[in-house]
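Down below is the structure, laid out as structure tokens.
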Amino acid sequence: MADQETIPIGLETQNKVAEAIYLRWYSNGRRHPRPWNEMPMESKEPWRRVAKDAIKTFFASPEFQTLLDDVYDEGYDAAEKDAQGENEGEEPR
Numbered sequence: 001m002a003d004q005e006t007i008p009i010g011l012e013t014q015n016k017v018a019e020a021i022y023l024r025w026y027s028n029g030r031r032h033p034r035p036w037n038e039m040p041m042e043s044k045e046p047w048r049r050v051a052k053d054a055i056k057t058f059f060a061s062p063e064f065q066t067l068l069d070d071v072y073d074e075g076y077d078a079a080e081k082d083a084q085g086e087n088e089g090e091e092p093r
């Protein structure tokens with residue numbers, strides 16, 4: 001696995017997360033946000049930076065590391081069963 005400090009986060013991903021954060025932030029009903037697609041790019045930049053920080057924090061979180069460990073272990077278990085022929089007839093996950 002790549003080191004958490006070097007995980008590349010694409011601009012498209014940053015923008016999608018920024019939009020989700022923006023919409024969630026204003027979903028309380030008291031405010032009427034400007035539609036995301038009508039905002040000038042300069043107004044989106046702070047939201048994109050918040051999204052990038054949120055993504056990096058998520059990747060570094062113990063919860064994400066535990067999730068990765070579980071998936072990694074599950075893959076090894078499935079590979080061991082495959083090697084022993086125990087997965088015959090099971091649907092792949």
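The sequence shown stops at residue 93 when you use the UniProt record's numbering, and every number in between is there.
In this text, a Cβ means the ideal position worked out from N, Cα and C, and glycines have one as well.
Item	Value
Status (buried if at least 16 other CB within 10 Å, exposed otherwise) for Tyr-72	exposed
Span of the alpha helix (DSSP H), counted from its first residue to its last, around Pro-46	41-60
Secondary structure of Arg-24, DSSP reduced to three states	helix
DSSP three-state assignment for Gly-75, whether helix, strand or coil	helix
Cβ-based neighbour list, Asn-15, same chain, cut-off 8 Å, excluding 5 preceding and 5 following	Lys-44, Arg-48 and Ala-51
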